[in-house]
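Peer 1: Sending over a structure as structure tokens; questions will come in a sec.
Residue numbers (our numbering): 422 to 952.
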């Protein structure tokens, strides 16, 4: 992947279509604009970090084909534009599916250059069923409470225990939300996006999505190409393998990323004392896993919870120092406390996590067909486990409710599109959650797209995370529509930021909040995991 990404010629710059500048506070151009704007009663919901944040709610049909039927409520947030030049609303989404976008609006507005953010109303939203939107789904509270059965189904009893959990979760969703589930999917969320556009009184929207948010944005663009002004997709979902195959592909990529972490630990043996050979460090990690399967750390972190704790390191290397410190303390000092602490920090699911998982399963299980015969799951996941053991079975059980889902599925959307203005894609070559090839596929499917590659990077969600080169491309595009145009697989290549350095013992993740990595840490806290 990296060799292909580097095959570039010089990039020419092209510009998207212009947008008429409108003075701040200008009168609404039409009666419809006034009516829709009146529906959104923006109220102050400022936080210390985001002092200009406002919130509102919007009612939308549960079934957009029946606008006169039952309605649900979407929670919205906004950082309003302040510049005289107004470029319209910029809708932002953190992915998931199931991620809350309310705080992301504040983050994006504060992370962009002030003169750029000031030209947009940056709009966050909780998609249907998520967070502060109503009703918010929580199929089975505490589903991920520790200690869960070992994800590795090495015995019939363990396989049955995990299967029972998956079946019971799917059944609980059907029992509590059977009337809602058929409408919690990507096509419905896309139509919600257009309802938000109408409520904002905008002819077109600008959209900026991470992870699953790239698929949401691409499907919106397919349904409503004439409504898209600018489109930014960061860490791009491959729309041709949603979602069963995508998860099998993720397993291999996450195993590679986990090994990159273990090699980093070996490189810093002077700090962690786990060996200078990555294979030896890997053996220590799996020995730790075996030990925790027998005796969970602090009665909390068993083998499954250990995987939950280290999977975030596959999304963002800013977690590596904390993970390595906990790993070393357990192995070298027989001290389980740091492992429990980091599990509670990045691995444990709270009520918000329960809600996210309920939406994640509903959307993924219904967006595409999943095998209903467990024998296929068993065969496929053992095959992947043989070459990529780190996350294979953990990921299988995370998605296993789809084998028993109580609502019908649909076909994935073909996002191929030749009707859009220039689109900007961002992708790191080593991204595990959305592997590199997916961005190349989308680059081909979106006729006027440009692909900016972070060469040698492995993080998921790469803009507004401290890489100046990437952010310069983002800023140019949001300023006047400028995109790079190259002659290879990618249109521009940026060098990845270096991996983090070990921190002093006990310093911890929170102590680095004021460091150069603070933007990345904040962003990845908002993006979450698994999407």
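Note that CB positions come from ideal geometry on N, CA and C, so glycine has one too.
Where does the unbroken beta strand (DSSP E) through residue 823 begin, and where does it stop?
Peer 2: No beta strand (DSSP E) contains residue 823, which DSSP labels as neither H nor E.
Peer 1: Taking the C-alpha atoms as reference points, what is the distance between residue 497 and residue 629?
Peer 2: Those two C-alpha atoms are separated by around 15 Å.
Peer 1: Given residue 559, which residues of its chain have a CB within under 6 Å of its CB, disregarding the five upstream and five downstream residues?
Peer 2: The answer, listed in chain order, is 775, 776, 779.
Peer 1: State the Cα-Cα distance for the pair residue 592 and residue 825, rounded to the nearest angstrom.
Peer 2: Roughly 8 Å between the two C-alpha positions.
Peer 1: Would you mind working out which of 788, 502, 890 sits nearest residue 963, comparing C-alpha positions?
Peer 2: This structure leaves residue 963 out entirely; the chain is present only between 422 and 952.
Peer 1: Helix, strand or coil for residue 401? Go by DSSP, reduced to three states.
Peer 2: Residue 401 cannot be examined here, being either before or after the span of the chain that is shown, 422 to 952.
Peer 1: Which residue's Cα is closest to the Cα of residue 712: 535, 852, 786, 724?
Peer 2: The shortest Cα separation from residue 712 among 535, 852, 786, 724 belongs to 724.
Peer 1: When the Cα atoms are used, what is the spatial distance from residue 910 to residue 657?
Peer 2: Whole-angstrom Cα-Cα distance: 15 Å.
Peer 1: For residue 571, I'd like the list of residues in its chain whose CB is within less than 8 Å of its CB, leaving aside the five on either flank, ordered along the chain.
Peer 2: 579, 714, 723, 724, 725, listed in sequence order.
Peer 1: Report the three-state DSSP secondary structure of residue 950 (helix, strand or coil).
Peer 2: Note: residue 950 maps to coil in three-state DSSP.
Peer 1: Using the three-state DSSP reduction, which class does residue 565 fall into: helix, strand or coil?
Peer 2: Three-state result, residue 565: coil.
Peer 1: Look at residue 495 and residue 659 and say whether their C-beta atoms are less than 8 Å apart.
Peer 2: Going by C-beta atoms, residue 495 is not nearer than 8 Å to residue 659.
Peer 1: Count the other C-beta atoms from every protein chain shown that fall within 10 angstroms of the C-beta of residue 803, then say buried if there are 16 or more, exposed otherwise.
Peer 2: That one is exposed.
Peer 1: If residue 851 and residue 878 are in contact, beta carbons under 8 Å, what's the gap, nearest whole angstrom?
Peer 2: Yes, residue 851 and residue 878 are in contact; Cβ-Cβ is about 6 Å, under 8 Å.
Peer 1: Hey, residue 898 and residue 653: beta-carbon distance below 8 Å or not?
Peer 2: Yes, the pair counts as a contact, with Cβ atoms nearer than the cut-off.
Peer 1: Ignore the nearest five residues each way along the sequence and tell me which others in residue 373's own chain have a CB closer than 8 Å to its CB.
Peer 2: Because the chain is modelled from 422 through 952, residue 373 falls outside the range shown and cannot be assessed.
Peer 1: How far does the alpha helix (DSSP H) with residue 779 in it reach, from first residue to last?
Peer 2: Run containing residue 779: 772-788, per the alpha helix (DSSP H) assignment.
Peer 1: Can you tell me whether residue 575 is buried or exposed? The criterion is at least 16 other CB atoms within 10 Å of its CB, across all chains shown.
Peer 2: It is exposed - the Cβ of residue 575 has fewer than 16 other Cβ atoms within 10 Å.
Peer 1: Would you grab the beta carbon distance between residue 735 and residue 633 for me? Rounded to a whole angstrom, and I think it's under 8 Å.
Peer 2: Between residue 633 and residue 735 the Cβ distance is about 16 Å, and since that is not below 8 Å, they are no contact.
Peer 1: Let's see if you can read the secondary structure: which residues bound the beta strand (DSSP E) around residue 870?
Peer 2: Residues 870-876.
Peer 1: Mind reading off the beta-carbon distance from residue 514 to residue 631? Whole number of angstroms is fine, and I expect it under 8 Å.
Peer 2: Indeed they touch by this definition, with Cβ atoms about 7 Å apart.
Peer 1: Look up residue 656 in the DSSP assignment and say whether it is helix, strand or coil.
Peer 2: Of the three classes helix, strand and coil, the one that applies to residue 656 here is coil, per DSSP.
Peer 1: Over the uninterrupted beta strand (DSSP E) stretch that includes residue 913, give me the two end residues.
Peer 2: Segment 913-916, the beta strand (DSSP E) holding residue 913.
Peer 1: Based on the DSSP secondary-structure assignment, which residues constitute the bridge partners of residue 629?
Peer 2: For residue 629, which the question treats as bridged, DSSP gives the partners 513, 653.
Peer 1: From residue 476 to residue 464, what does the alpha carbon distance come to, in whole angstroms?
Peer 2: Roughly 5 Å separates the two Cα atoms.
Peer 1: Using only CA atoms, which one of 761, 891, 939, 596 lies nearest to residue 721?
Peer 2: It is 761 whose Cα lies nearest to the Cα of residue 721.
Peer 1: Give the straight-line distance between the Cα atoms of residue 943 and residue 532, rounded to the nearest whole angstrom.
Peer 2: Distance between the alpha carbons of residue 943 and residue 532: 10 Å.
Peer 1: In whole angstroms, give me the CA-to-CA distance for residue 595 and residue 554.
Peer 2: About 20 Å.
Peer 1: By a C-beta neighbour count over all protein chains shown, 10 Å radius and 16 as the cutoff for buried, is residue 462 buried or exposed?
Peer 2: It counts as exposed.
Peer 1: Relative to the C-alpha of residue 485, which candidate in 731, 549, 507 has its C-alpha closest?
Peer 2: Selected option, being the one with the closest Cα: 549.
Peer 1: Residue 940: which of 874, 865, 530, 507 sits nearest, CA to CA?
Peer 2: It is 530 whose Cα lies nearest to the Cα of residue 940.
Peer 1: Taking DSSP as the reference, what is the three-state secondary structure of residue 858?
Peer 2: Residue state, collapsed to three classes: helix.
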